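The sequence shown runs 1204 to 1712 under my numbering.
Just so you know, even glycine gets a beta-carbon here, dropped at the ideal spot from N, CA and C.
None of the values given here were measured: they were computed from a predicted structure.
First comes the structure, then the notes that go with it.
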Amino acid sequence: MLLATFIWNASCAWWFYCVSEPIGTRLISGTAPILVNTLLMALPWTMADLVRRRFGERAATLGLIALWLAFERLHHDWDLQWPWFSIGNVFAEHPGLIQWYDHTGMLGGTLWVLAVNLLLDRMFVHGRLHGVSFSTALVPLCVIIIPWSLSAWRFHHHVEEGHPVEVVVVQPNIDPYDEKFGGIDAMEQLDRMLALADSAMGPTTEAVIMPETALQEGATVDMGTGRPVYRGLWENWIDRSQSVEHLQRFRSSHPGTAILVGMSSDSLYTDRDLAPAIARPLFRDLPPDRAMDQRWYVPFNAALFLPAHGAIHTYHKSKLVAGVEALPFESLLGPIAAFTVDLGGTTGSLGGQEERSVLRDPSSRLAIAPAICYESVFGEHVAAHVRNGANLIAIMTNDGWWGDSPGHVQHLSFASIRAIETRRAVARSANTGISCFVDQRGVIRDRTEWWRMDARRSTVLLNDELTFYVRHGDLIGRAAVAIAAALLLGLVIAICARRRTRGSGSASS
């Protein structure tokens, strides 16, 4: 089984090695996720085999389904979270097959694949012994055809709902290795993006969306006067930022337009006791007699929202990439923090936020669910934003790290699943990669080309209705976790009882 799960991961994730980094970084960023996921994927099969030995084939079949679904569900929410290769994601490029994801979420697709394969396996095993009869083939045939037929009917009869708004997404195509993080001046980058947005905007454009880490002004401290002067993207004084001044001038020249833009920002703390555990000291090698002058800061992969009218809002990416943006099991592995993979921009252990906030423009109906890069892979995470009132999903990303490999295409396809689960339109802005719009059926349209400077304008519908999946969350996953836990508890009890029986038998003899 280890060989099978290794082949699965290696064949799907070979593009991890495409990062333009030294060989050591490439080996770490490519090999570690593949090996770890290989071992984790083998666990449900190993446990299902234990169930088979103790309770028989039928229990093992049902147990495998519950154990695998529980694994995928739990793999969405821990320090090594990596739901990228969940089975239900395989249909992302075929939205016509999965319109029922608005009830089941992505795990409904996983359940479908597992059920079909186990039924087919049983049919062929039975067929070798007794021949394949019509009644034997009918069940797997129905399990294949009925969900597909219902989805096809819904796909062709679904009516888009909501208030229409015109949105522009910007793709500046700034090389993440040679230009993005220091190769080109931060203000020059911003001016390029604003010029692209301006070229695509119309008189009725209500929102402009720019990509992840678009603002790279940096947060600096000037000690020239003897007292610290804070400049740049400090969230404590965000209005002082030169980047924000540029954005406000642009907004003033386009009345009625809101702006959502990714940024690398920092937040300052004067009291260590009030700062999060991941806060870093601002001043290095501070003399002992100036220890009271020490400050602490937390870096963020964040988004800045300037509504057409009203106060500026910030959002902090919460689903962080293990080993790049967050050190897994930091309380145990803190001493090796220096070995986190640096892909430029906001790296190391970053801050996040617990609240699934919605970015609202009080002057319009716009209520945005921000999803920064990796966050778009997590269905329940995005659904929580929608449950809190979002009527548009905005994905901000930078997909140029792995070159022209399947990585950026796979990442794009997750937007279709999120659109179906929530019945929300998606506006996707990629620095490099593919920018596009996705309708409520999961159909991608108005897409840009790979590695091309561009901007696109489209009208999307702001839907306020909540799907079953948004209202109730991942019921399949929660049920699978409960069943798997009960099954494993029963297995442990049975093993312990068997050992006690053996022990008492040995004693009596």
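Between the Cα of residue i and those of the options, spot the shortest distance and give me the residue it belongs to.
| i | options | result |
| --- | --- | --- |
| L1485 | Y1433, A1505, S1338 | Y1433 |
| V1368 | I1387, W1356, V1293, G1459 | G1459 |
| D1442 | F1508, M1413, T1473, T1408 | F1508 |
| E1275 | G1386, R1650, P1491, L1317 | L1317 |
| E1415 | R1681, T1600, L1489, P1379 | T1600 |
| A1400 | A1700, G1676, S1632 | S1632 |
| D1280 | K1522, H1516, I1290 | K1522 |
| P1379 | R1325, G1603, F1640 | G1603 |
| E1668 | E1448, S1470, H1366, S1661 | H1366 |
| L1393 | L1489, A1570, V1342, V1447 | V1447 |
| Y1480 | A1529, E1578, G1427 | The residue you asked about is not Tyr; residue 1480 is Ala in the sequence shown. Per the Cα distances, A1529. |
| W1742 | G1693, A1263, L1205, F1219 | With the chain running from 1204 to 1712 in the structure shown, residue 1742 is simply not present. |
| L1242 | H1306, W1211, I1231, R1261 | W1211 |
| A1269 | R1703, A1688, R1701 | A1688 |
| G1312 | P1490, I1698, L1694, D1677 | D1677 |
| E1652 | K1520, I1347, V1684, L1615 | L1615 |
| G1174 | F1294, E1260, P1565, D1381 | As displayed, the chain neither begins before 1204 nor continues past 1712, which places residue 1174 out of reach and without an answer. |
| V1254 | A1700, R1702, R1705, L1691 | L1691 |
| G1266 | A1683, T1704, I1696, A1355 | A1683 |
| D1388 | Q1445, T1234, I1698 | Q1445 |
| S1456 | E1583, R1475, P1491, P1406 | P1406 |
| I1696 | S1232, V1342, R1257 | R1257 |
| M1495 | A1514, R1475, R1483, F1503 | R1475 |
Exposed or buried, what is residue i when buried is set at 16 or more other beta-carbons lying within 10 Å of its beta-carbon?
| i | result |
| --- | --- |
| M1244 | buried |
| V1663 | buried |
| F1327 | exposed |
| E1624 | buried |
| S1338 | exposed |
| I1412 | buried |
| V1585 | buried |
| I1290 | buried |
| A1207 | exposed |
| T1549 | Low per-residue confidence applies at T1549: pLDDT is 47, beneath 50, and the placement is therefore not dependable, though the value from the model is reported in the following sentence. Result: buried. |
| T1307 | buried |
| D1305 | buried |
| A1355 | exposed |
| R1702 | exposed |
| I1698 | exposed |
| S1468 | buried |
Give a yes or no on whether the C-beta atoms belonging to residue i and residue j are separated by under 8 Å.
| i | j | result |
| --- | --- | --- |
| P1573 | L1283 | no |
| V1629 | I1596 | yes |
| L1436 | A1417 | no |
| V1372 | R1659 | yes |
| A1506 | V1464 | yes |
| M1396 | P1375 | yes |
| N1240 | W1285 | yes |
| S1567 | E1409 | yes |
| R1655 | C1639 | no |
| Y1518 | S1470 | no |
| I1377 | N1634 | yes |
| I1637 | H1611 | yes |
| S1608 | I1647 | no |
| L1310 | G1680 | yes |
| A1785 | A1251 | Given a span of 1204 to 1712 for the chain in the structure shown, any question on residue 1785 remains unanswerable. |
| Q1419 | R1357 | no |
| P1590 | V1527 | It should be pointed out that residue 1590 corresponds to Arg in this sequence rather than to Pro. Not in contact: R1590 and V1527 (Cβ atoms no closer than 8 Å). |
| A1587 | A1570 | no |
| C1221 | F1288 | no |
Please state the DSSP three-state secondary structure of residue i.
| i | result |
| --- | --- |
| I1268 | helix |
| I1679 | helix |
| H1359 | helix |
| T1549 | Its pLDDT being 47, under 50, T1549 is placed unreliably by the model, and the measurement read from it follows with that caveat. Coil. |
| T1228 | helix |
| M1404 | coil |
| H1198 | Residue 1198 lies beyond the residue range present for the chain, which begins at 1204 and ends at 1712; the question has no answer from this structure. |
| L1206 | helix |
| Q1374 | strand |
| V1524 | coil |
| H1516 | strand |
| S1354 | helix |
| V1695 | helix |
| V1222 | coil |
| P1609 | helix |
| V1561 | coil |
| G1311 | helix |
| W1287 | helix |
| E1391 | helix |
Unbroken beta strand (DSSP E) runs of length 3 or more, entirely within the segment 1614 to 1644: which are they? 1629 to 1633, 1639 to 1641
Start-end ranges of the alpha helix (DSSP H) lying completely within the segment 1409 to 1457, minimum 4 residues: 1445 to 1456
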